[in-house]
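See below for the structure under consideration.
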Amino acid sequence: MVKKWWHDKVAYQIYPKSFYDSNGDGIGDIPGIISKLDYLHDLGVDILWLSPCYQSPLADQGYDISDYYNIDPRFGTMADMECLIAEAKKRSMYILMDLVVNHCSDEHEWFRKACEDPEGKYGGFFYLRDKKEGVLPTNWRSYFGGPVWDDLPGTDKQYLHVFHKKQPDLNWENPELREEVYKNINWWLDKGLGGFRIDAIINIKKPQPMRSYPPDREDGLCSIGNMLQEARNVGEFLGEMRDRTFKKYDAFSVGEVFNEKPDEIPDFIGDNGYFSSMFDFNETIFGSSQKGWYDAAPITPDDYKNCCFASQAKVGDIGFLSNIIENHDEPRGVSRYIPKGDCCDESKKMLAALNFMLRGIPFIYQGQELGMENLPISSIDEVDDISTHDEYRVALAAGLSPEEALKAVSAYSRDNARSPMQWSDEPNAGFTTGTPWLKVNPNYTAINAAAQTGNEDSVYSFYRKLIALRKDPAYKETIVYGALEPLWQDRHNLMAYYRKGNPTLLVVGNYQGDEQEIVLPAAYKKVLLNNYKDIAENQERITLHGYQVLILEM
Ligand code: GLC
Ligand code: CA
216 MVKKWWHDKV AYQIYPKSFY DSNGDGIGDI PGIISKLDYL HDLGVDILWL
266 SPCYQSPLAD QGYDISDYYN IDPRFGTMAD MECLIAEAKK RSMYILMDLV
316 VNHCSDEHEW FRKACEDPEG KYGGFFYLRD KKEGVLPTNW RSYFGGPVWD
366 DLPGTDKQYL HVFHKKQPDL NWENPELREE VYKNINWWLD KGLGGFRIDA
416 IINIKKPQPM RSYPPDREDG LCSIGNMLQE ARNVGEFLGE MRDRTFKKYD
466 AFSVGEVFNE KPDEIPDFIG DNGYFSSMFD FNETIFGSSQ KGWYDAAPIT
516 PDDYKNCCFA SQAKVGDIGF LSNIIENHDE PRGVSRYIPK GDCCDESKKM
566 LAALNFMLRG IPFIYQGQEL GMENLPISSI DEVDDISTHD EYRVALAAGL
616 SPEEALKAVS AYSRDNARSP MQWSDEPNAG FTTGTPWLKV NPNYTAINAA
666 AQTGNEDSVY SFYRKLIALR KDPAYKETIV YGALEPLWQD RHNLMAYYRK
716 GNPTLLVVGN YQGDEQEIVL PAAYKKVLLN NYKDIAENQE RITLHGYQVL
766 ILEM
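Numbering follows the numbering used here, with no gaps: position 49 of the sequence shown is 264.
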């Protein structure tokens, strides 16, 4: 394996709208991020991924871009962005932007021109079909509900959107469109970006010709997964994009990839893969149902362990996964992966260590380092996220009462992770002096950065120690490159694995509230991290406390 500059890094995702508001308009912004760079540097993270802050009508919170070359004024200016890149650089940090090129916004100039002249150059940038009364070109259901086809305003055509109708899909089959995309990527890389997180990229290849599949719900539509299954050769586009852009700059690229086939892993993230890394979503998709969020099955500690190990086994040393416990599309990891009623500092730290020590590149989502929890949602009117509104309708249509539907969608709502970052116990969690665009979690008086940064025993300090351990010259080689080998995989509510190397480490977490006894295969040399003050041990026999996690040098 060829060593790369990003292998030993720790990444941190910023959701700009909710990170820090510098001017009191209730919306987080780039100057706000700049003012918190020292906080991030102290934590120890190296790579900052910013969710989109390009010009956008914010129909899908910035994942609908109307100008790829401009910053949305709500987030700041291009000068702010340049300043952020420069200030990060001073601290040896890298900025990643979000590359959203499966689709743009219906307010993008390309789309407006396509409406004016569907047969012209820009019509060819989208997937357009002649409108036929009463029948859609295909019966695919968009990710956010409803058919993927809508009328192209002012014409007798329809356009394809696999996400919201304000997010028309770009036609990657068209070389002119691809040139525009590469030009934009290089333009940003020339500004000194470290690279990109690549949004929804697996959707860029549509099977040709497009066709309908058997419907799977009452609405007569079918999951978009059908077309992804059938699509072939996305690699032709991805390989071209790599060669024309990232590769020339030695830039870091991390793909939002679902549905890859096991034999495709070397193509995606091997040496000279399409991407430097891709996210592991095995845990986040566990239990999901074709019917909708209301039908999803919760994940148990054993499921969590098996999902992590399955991904690790699948990738081995072919490349690097990017490991997450949450992001802006997911509920808070501590609310999801820790059994109900057991969410506390110890269990949060255990989850942190078990995830962080996996082989791969750790990504921390803003607030995760504080142990931020799901947002209590008391009414659907409070919800901003378009996906949650759609799933609420789906749940009601399936016969759930409004209370049941709200409860079901609350568990998965994307607003859970999007509520403002909790900086302090001041009003609005110190996020803004104005009115926050989304409700602040009322638990901010207890869970906030100011209370945790000075406290050695806080969740924040535990993350800081995990990051420091990953960078410690004595352990770095093992933590970054060492093979992962599961131990006691069949033991209930216990997750343990070796990271093999010189030295070898053992990570073991008691994933339950009750004590649990283990007998180590050999005596350990040193305790590198422990979320309790003590270890109840009798030679190799250890009685782990509830949710105790240990990182041992063997
Ligand atoms: C990705 C983003 C998500 C967005 C979607 C459409 O999944 O993470 O937030 O809604 O793509 O761009
Ligand atoms: Ca602001």
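No residue lacks a Cβ here, since even glycine has one placed at the ideal position from N, Cα and C.
Proximity test, S233 beta-carbon vs ligand 2 heavy atom, cut-off 7 Å: no
Where N746 falls: helix, strand or coil (DSSP): coil
Three-way DSSP call (helix, strand, coil) for P546 in this model: coil
Top-ranked residue by Cα proximity to G435, from V396, T353, Q373: Of all alpha-carbon atoms in V396, T353, Q373, the one lying nearest the alpha-carbon of G435 is that of T353.
DSSP-derived helix/strand/coil call for Q423: coil
Beta-carbon proximity of R756 to E732, cut-off 8 Å: Using a Cβ distance threshold of 8 Å, R756 and E732 count as a contacting pair.
Neighbouring residues (CB closer than 5 Å to any heavy atom of ligand 1): D275, Y278, F378, D414, A415, D544
Within the stretch 375-415, ranges of the beta strand (DSSP E) (whole runs, at least 3 residues): 410-413
For E768, the residue or residues it bridges with in DSSP: L720, K741
Cβ-heavy atom distance, R237 to ligand 2, below 7 Å: Position check: residue 237 holds Ser in this sequence, whereas Arg was assumed. Yes; taking the cut-off as 7 Å, the Cβ of S237 has a heavy atom of ligand 2 nearer than that.
At least 3 beta-carbon pairs within less than 8 Å: the stretch 713-732 vs the stretch 694-705: yes
Enclosing alpha helix (DSSP H) for Y696 [first to last residue]: 691-696
Beta carbon of S639 nearer than 8 Å to that of N663: yes
Sequence-distant residues of its chain with Cβ nearer than 8 Å to Q423 (five each side left out): E388
Pick from K529, D517, F496 that is closest to P477, judged by C-alpha positions: It is K529.
Near ligand 2: D240 beta-carbon under 7 Å from a heavy atom: yes
K346 (DSSP reduced to helix, strand or coil): coil
Candidates S537, M572, T648, I248, of which the one nearest K686 by Cα: M572
Heavy atom of ligand 2 within 7 Å of G645 beta-carbon: no
Coarse secondary structure for G645, derived from DSSP in three states: helix
Close-in-space but distant-in-sequence residues of the same chain around S438 (CB under 7 Å, 5 per side omitted): R356, D431, Q505
Short Cβ contact (8 Å threshold) for W652 with I229: At least 8 Å separates the beta-carbon of W652 from that of I229.
D244: CB within 7 Å of a non-hydrogen atom of ligand 2: Flag set: Cβ of D244 near ligand 2.
Given E619 as reference, the closest of A665, D599, R706, S593 once Cα atoms are compared: S593
Same chain, Cβ closer than 7 Å to L258, five either side skipped, listed in chain order: In its chain, beyond the 5 residues on either side, E584, Y678, R679, I682 have a beta carbon closer than 7 Å to the beta carbon of L258.
Three-state secondary structure assigned by DSSP to I417: helix
Cα-Cα separation between D414 and V609, rounded to whole angstroms: 25 Å
The stretch 491-499 / the stretch 528-542 touching (three or more Cβ pairs under 8 Å): yes
Which of helix, strand or coil DSSP assigns to Q228: strand
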